[in-house]
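**Student:** Numbering (the numbering used here), first residue to last: 9 to 183.
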Amino acid sequence: MQSDPSAARTAMRMLAIFSLSGLLISRVALILHEFVGHGALALAFGGEITDYHLFLFGGGWIDFRNPGFALWQRLSIALGGIALQLLLAGLTLLIARRRAEGSLSRFFWLGCTAALAVQALSYLADGTNYGYGDGRLLFRLLGRDRVWVVAPSSLLLVGLLLPLARAISRTAAGW
9 MQSDPSAART
19 AMRMLAIFSL
29 SGLLISRVAL
39 ILHEFVGHGA
49 LALAFGGEIT
59 DYHLFLFGGG
69 WIDFRNPGFA
79 LWQRLSIALG
89 GIALQLLLAG
99 LTLLIARRRA
109 EGSLSRFFWL
119 GCTAALAVQA
129 LSYLADGTNY
139 GYGDGRLLFR
149 LLGRDRVWVV
159 APSSLLLVGL
169 LLPLARAISR
179 TAAGW
């Protein structure tokens, strides 16, 4: 049985675009997540950035001096990166919706939306549940009650993934 060369080309094109959008948006999002989501808030509240660490194919973190932040400020700084990523996911979804149905551009922007939303919500749920990263403070504050953050963020993640997957598959269906 022979394979259809046009189907193989389409699959490779989809893989390349989806990989490019994921890699590109994840690196841009990392910088914005750390320096705007965390760093800008820390500076706005009177903190001072002392160091940062960014990794090409991983995450990163920003270190700052805390001049006695109030709890609400610490929570804002801790969750600022995730909040910014969710805002960017909404923005990329709006951009995607303004692109022609079935276009490469729409596929790219839907890929960006998926990458931003999946990373932000899974990071919130996992970090809060297991006590690492941006969810560490919520883990400490909420203890066993962290389920009230973990469950809704996990459900929201699944609830966003299903329509996103449908939109992505509809976009690629005409190729």
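All residues carry an ideal CB built from backbone N, CA and C; glycine is no exception. Computed from a prediction, not measured in an experiment: that's the story for all the values here.
#1: Take the Cβ of TRP156 as the centre, count every other Cβ of all protein chains shown within 10 Å, and call the residue buried at 16 or more, exposed below.
#2: Could you tell me which residues DSSP pairs with TRP69 in its beta bridges?
#3: Would the beta-carbon of ILE57 fall within 8 Å of that of ASP142?
#4: Taking the alpha carbon of LEU49 as the point to measure from, which residue in ALA78, LEU164, ALA173 has its own alpha carbon closest?
#5: For the alpha helix (DSSP H) containing ALA15, name the first residue and the last one.
#6: Contact between the region 25 to 38 and the region 104 to 121: three or more CB pairs below 8 Å?
#7: Determine the direct distance from the alpha carbon of PHE147 to that of ASN137, and round the result to whole angstroms.
#8: Report buried or exposed for ALA52, applying the criterion of at least 16 other Cβ atoms within 10 angstroms of its Cβ.
#9: Going straight from the alpha carbon of LEU83 to that of PRO13, what length do you get?
#10: Terminal residues of the continuous alpha helix (DSSP H) containing ARG174?
#11: Any heavy atom of the ligand MG closer than 7 Å to the beta-carbon of LEU62?
**Tutor:** Reading it off the structure:
#1: exposed
#2: HIS61
#3: no
#4: ALA78
#5: 13 to 40
#6: yes
#7: 6 Å
#8: exposed
#9: 53 Å
#10: 155 to 181
#11: The ligand MG is not part of this structure, which contains no ligands at all.
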